[in-house]
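Q: Dropping the structure in here first, questions after.
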Amino acid sequence: MKTLEYLDFHVAGEPFRLITRGFPEIIGSTMAEKRHYATAHLDNLRKIALLEPRGHDDMYGGFLTPPVNEESDLGIVFIHGTGMSTMCGHGAIAMARAACELGIATLKEGMNTVTLDAPSGSVQLAVQTEGGKISDIALKNDLSFAYAL
162 MKTLEYLDFH
172 VAGEPFRLIT
182 RGFPEIIGST
192 MAEKRHYATA
202 HLDNLRKIAL
212 LEPRGHDDMY
222 GGFLTPPVNE
232 ESDLGIVFIH
242 GTGMSTMCGH
252 GAIAMARAAC
262 ELGIATLKEG
272 MNTVTLDAPS
282 GSVQLAVQTE
292 GGKISDIALK
302 NDLSFAYAL
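Going letter by letter, the sequence shown gives residues 162 to 310 in my numbering.
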């Protein structure tokens with residue numbers, strides 16, 4: 162029997178399940194390559210972790226990976242009920258919390274930065290602490306624009 166270890170988060174009204182252990186190494190030198198590998202080789206684990214009876218169709222989650230960029234704190238391959246995605250805003254916020262809770266990122270009093278490698282690119286999150294506890298997490302995502310409407 163295989164055991165998956167995960168942390169469940171509730172962020173901005175949405176669930177997020179971070180799978181931390183129990184899955185094989187996700188191979189790739191970029192997060193896009195890791196996403197492609199996970200799509201081809203770990204879809205069964207995605208279904209086990211996110212679909213009923215342990216989850217539901219609208220659940221999001223991710224496989225925790227080492228970062229691919231030297232300056233980043235951690236990496237993530239985002240997953241959801243029907244496959245993999247390149248980015249998830251509430252998932253990125255959950256990842257910043259996880260990095261702090263798991264000791265991956267070191268926190269000091271005041272403003273901190275956690276950098277996450279995702280298939281969409283590097284994502285910066287501002288983590289505010291007060292009295293030794295996290296009080297706020299803010300996401301700064303890549304710039305985007307509407308090409309055609």
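Beta carbons: idealized from backbone N, C-alpha and C, even for Gly.
(1) Could you name the residues of the same chain whose beta carbon sits closer than 7 Å to that of Asp297, not counting the 5 residues immediately before and after it, in chain order?
(2) Below 8 Å CB to CB, which residues in the same chain sit around Gly236 once its five sequence neighbours on both sides are set aside?
(3) Quick one: is Ile180 buried, meaning 16 or more other Cβ sit within 10 Å of its Cβ, or exposed?
(4) What does the alpha-carbon distance come out to for the pair Thr164 and Thr274?
(5) Can you tell me the Cα-Cα spacing of His197 and His241, whole angstroms?
(6) Given that a residue counts as buried once 16 or more other Cβ atoms are within 10 Å of its Cβ, and exposed if not, what is Tyr308?
(7) Is DSSP giving Asp297 helix, strand or coil here?
(8) What is the rounded straight-line gap between the Cα of Gly292 and the Cα of Ser281?
(9) Measuring straight from C-alpha to C-alpha, what distance separates Glu316 and Gly216?
(10) Within 10 Å of its beta-carbon, does Phe306 have 16 or more other beta-carbons around it, so buried, or fewer, so exposed?
A: The structure says:
(1) Gln289
(2) Met192, Lys195, Leu225, Thr226, Pro227, Pro228, Val229, Leu277, Asp278, Ala279
(3) buried
(4) 32 Å
(5) 15 Å
(6) exposed
(7) strand
(8) 34 Å
(9) This structure leaves residue 316 out entirely; the chain is present only between 162 and 310.
(10) exposed
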